[in-house]
Structures are given as structure tokens and as C-alpha cells.
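Going by the working numbering, the first residue of the sequence shown is number 2, and it counts up by one from there. These notes are about the structure you will find just below.
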Amino acid sequence: DGVADVATAGSVTLIATTGSIGDNTLPADWVGVTTGDPTVDGVAGVEGAVTLTATLGEIYVDSDDDMYLAAVDALTMIDLNITGTLNDFTTGADAGIDLDATAVVLNVAGEIGGTNALETNTDTLTAHATAAGDIVIDELNGVELLDIDTMDGAITITTGGATTVTDVASLTDDDANDIAITATAGDITIDDDGVNAGAAGDVAITATLGAINDDAVDTTTDVTGDEVALTAATGIGDIDTEGETITADDT
Numbered sequence: 002d003g004v005a006d007v008a009t010a011g012s013v014t015l016i017a018t019t020g021s022i023g024d025n026t027l028p029a030d031w032v033g034v035t036t037g038d039p040t041v042d043g044v045a046g047v048e049g050a051v052t053l054t055a056t057l058g059e060i061y062v063d064s065d066d067d068m069y070l071a072a073v074d075a076l077t078m079i080d081l082n083i084t085g086t087l088n089d090f091t092t093g094a095d096a097g098i099d100l101d102a103t104a105v106v107l108n109v110a111g112e113i114g115g116t117n118a119l120e121t122n123t124d125t126l127t128a129h130a131t132a133a134g135d136i137v138i139d140e141l142n143g144v145e146l147l148d149i150d151t152m153d154g155a156i157t158i159t160t161g162g163a164t165t166v167t168d169v170a171s172l173t174d175d176d177a178n179d180i181a182i183t184a185t186a187g188d189i190t191i192d193d194d195g196v197n198a199g200a201a202g203d204v205a206i207t208a209t210l211g212a213i214n215d216d217a218v219d220t221t222t223d224v225t226g227d228e229v230a231l232t233a234a235t236g237i238g239d240i241d242t243e244g245e246t247i248t249a250d251d252t
């Protein structure tokens, strides 16, 4: 419901040793968390950092303010509903995983990792920025990008393994709203209408060590953008594109 159950000007740490934090039966069963804004970047215990742990369960947390993550760790599900922005507590790339669970779902009224990128370790990722804001995600391994969209912003996603792109879109057609997806290992497989930056936004998809493949041999558009660039080390399959400029580089 967004009403804080746990509120402080400092940092918040919640640990469920045997069960879950919150319940998805009703929104009112979620745990509301509110902290102050960060005061010292990346220092544990300083105002603003949120740590949530349910290694044998799930996490369902909402907030009526911005949230800065130190670490959120669950067995099967992390579901965050934030009426504000969502960022890593630490600026720049770091070794810490911000979101670690089999499935991660983020509903945020603003940027998701746009200021400080979020590091994830998950099998499936869903992320909705329901107001203007960029999405920046660094995934440790392979992942299915199940449903990623921003109302008005750019999307940058880097993964460390085989990646399935089911639905990644910027919903406002603007030249600044580009989409970049990079897999540093493994193949990238794109579903029908898997990537959509509109007619004005550019798209760059890079498989550094692998291939880029269509999920099926068909004529349905897989990637839409103004300038579409596909780069792969071991081949580019039957990718159906729609754009002003299309480049494909099989390195």
C-alpha cells in the first residue's frame, strides 16, 4: 500500500531467517520501507541503504519514496513496488549484487538504475518504469528479459550469459530513448517484437562472444528502431528488423 511499516532516516536491514518478507496475497500484506537519502556513497550502515534478506522465501516490499539498494536476496522472488526511483546505493560498477533471486519484478515510478546501475542475478527479469526515467541493469549471468519498459527513457542492459529478449521497449518515441543490449558471453535470442525503440530511438544489440538469433524463422518484426545495429561474434540469424538504417556486423 506504500505506507511505511519500517521508516527511518538511516539505513534499513530486514532479515527473514526461515520465511518471507511480505506476502503477495494482497498489496496490503507487502512490507513498506522508507529511508532517508544516501549521505555517504557505498558505506554500509550510512543513511539510505536498504538490505533485505529472505534466503528461504520471497520478498514483497513497497515504498512511497526513492529507494537505494545495498543488497536484496531471496530464494525465489523479489517483487518491489516503488513510488519513486530505484538505484544502487553505490555509484559505478561494483562487485555487489543488488537483486538476487530466481525471479525479479520491479514496478517503479521513475528511473531504475538510471543514476546508479543495478546489479542483478536472476533467471527472469521484469522491470517497469511507469514514469520518465532510464533503466540500467547489469546482469551477472544469462537471463530472460521477460518484460522491460520505460514510459519515457533509454534502456541499457548488460548480461553475462545466454540471453532471451522477450519484450524490451521504450514507450515514448524520442531520439534520446535508445535501447542497448549486450551479452558478454553466450547467444542472444530475440522473440517477435522483442525490442522496440519506436521510429526515433536507436537500437544496439551485441553478442560479444556469441550469436544473435530469432526465436523462430518467420517474417514478424523482431527489432524496431531508427538506427539498428546488430553485432555478433559467431553469426546473426534470421532477425527481422524495421528501421531507417540497419547494420549487421558478424565479427
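C-beta atoms are modelled at their ideal positions from N, C-alpha and C, and glycine is treated no differently. Nothing here was measured: the structure is a model prediction, and the numbers come from that model.
Under the three-state DSSP convention, the category residue i falls into
i           : result
residue 250 : strand
residue 132 : strand
residue 24  : coil
residue 101 : strand
residue 30  : helix
residue 149 : strand
residue 160 : strand
residue 46  : Residue placement at residue 46 cannot be trusted, given a pLDDT of 47 that sits under 50; the coordinates are not used to answer.
residue 14  : strand
residue 218 : coil
residue 117 : coil
residue 63  : strand
residue 127 : strand
residue 112 : coil
residue 36  : coil
residue 165 : strand
Cβ of residue i within 8 Å of any chain B Cβ
i          : result
residue 50 : Given the protein chain composition of this structure (a single chain), no chain B is represented.
Enclosing beta strand (DSSP E) for residue i [first to last residue]
i           : result
residue 205 : 204 to 208
residue 245 : Taken as a continuous stretch (DSSP letters only), residue 245 belongs to no beta strand (DSSP E), as it is neither H nor E.
residue 55  : 50 to 55
residue 82  : 78 to 83
residue 180 : 180 to 184
residue 70  : 68 to 75
residue 142 : Residue 142 -> no beta strand (DSSP E), and no H or E assigned at all.
residue 170 : 169 to 171
residue 233 : 228 to 233
Buried versus exposed, by CB contacts within 10 Å (16 or more), residue i
i           : result
residue 140 : buried
residue 251 : exposed
residue 217 : exposed
residue 38  : exposed
residue 57  : exposed
residue 221 : exposed
residue 179 : buried
residue 248 : exposed
residue 107 : buried
residue 105 : buried
C-alpha distance - residue i paired with residue j, whole-angstrom precision
i           : j           : result
residue 19  : residue 7   : 20 Å
residue 236 : residue 246 : 20 Å
residue 147 : residue 91  : 26 Å
residue 191 : residue 11  : 42 Å
residue 195 : residue 136 : 16 Å
residue 116 : residue 88  : 6 Å
residue 210 : residue 71  : 31 Å
residue 49  : residue 242 : 43 Å
residue 31  : residue 80  : 9 Å
residue 109 : residue 125 : 17 Å
residue 144 : residue 36  : 30 Å
residue 52  : residue 244 : 43 Å
residue 55  : residue 193 : 35 Å
residue 46  : residue 16  : Reliability of the predicted coordinates at residue 46 is poor, the pLDDT of 47 falling under 50, and the value obtained from them is presented with this limitation in mind. Approximately 15 Å, taken between the alpha carbons.
residue 34  : residue 63  : 6 Å
With three or more C-beta pairs closer than 8 Å as the rule, is the segment 117 to 132 touching the segment 175 to 182? In the pairwise beta carbon analysis, the segment 175 to 182 is classified as not touching the segment 117 to 132: fewer than three pairs are separated by under 8 Å.
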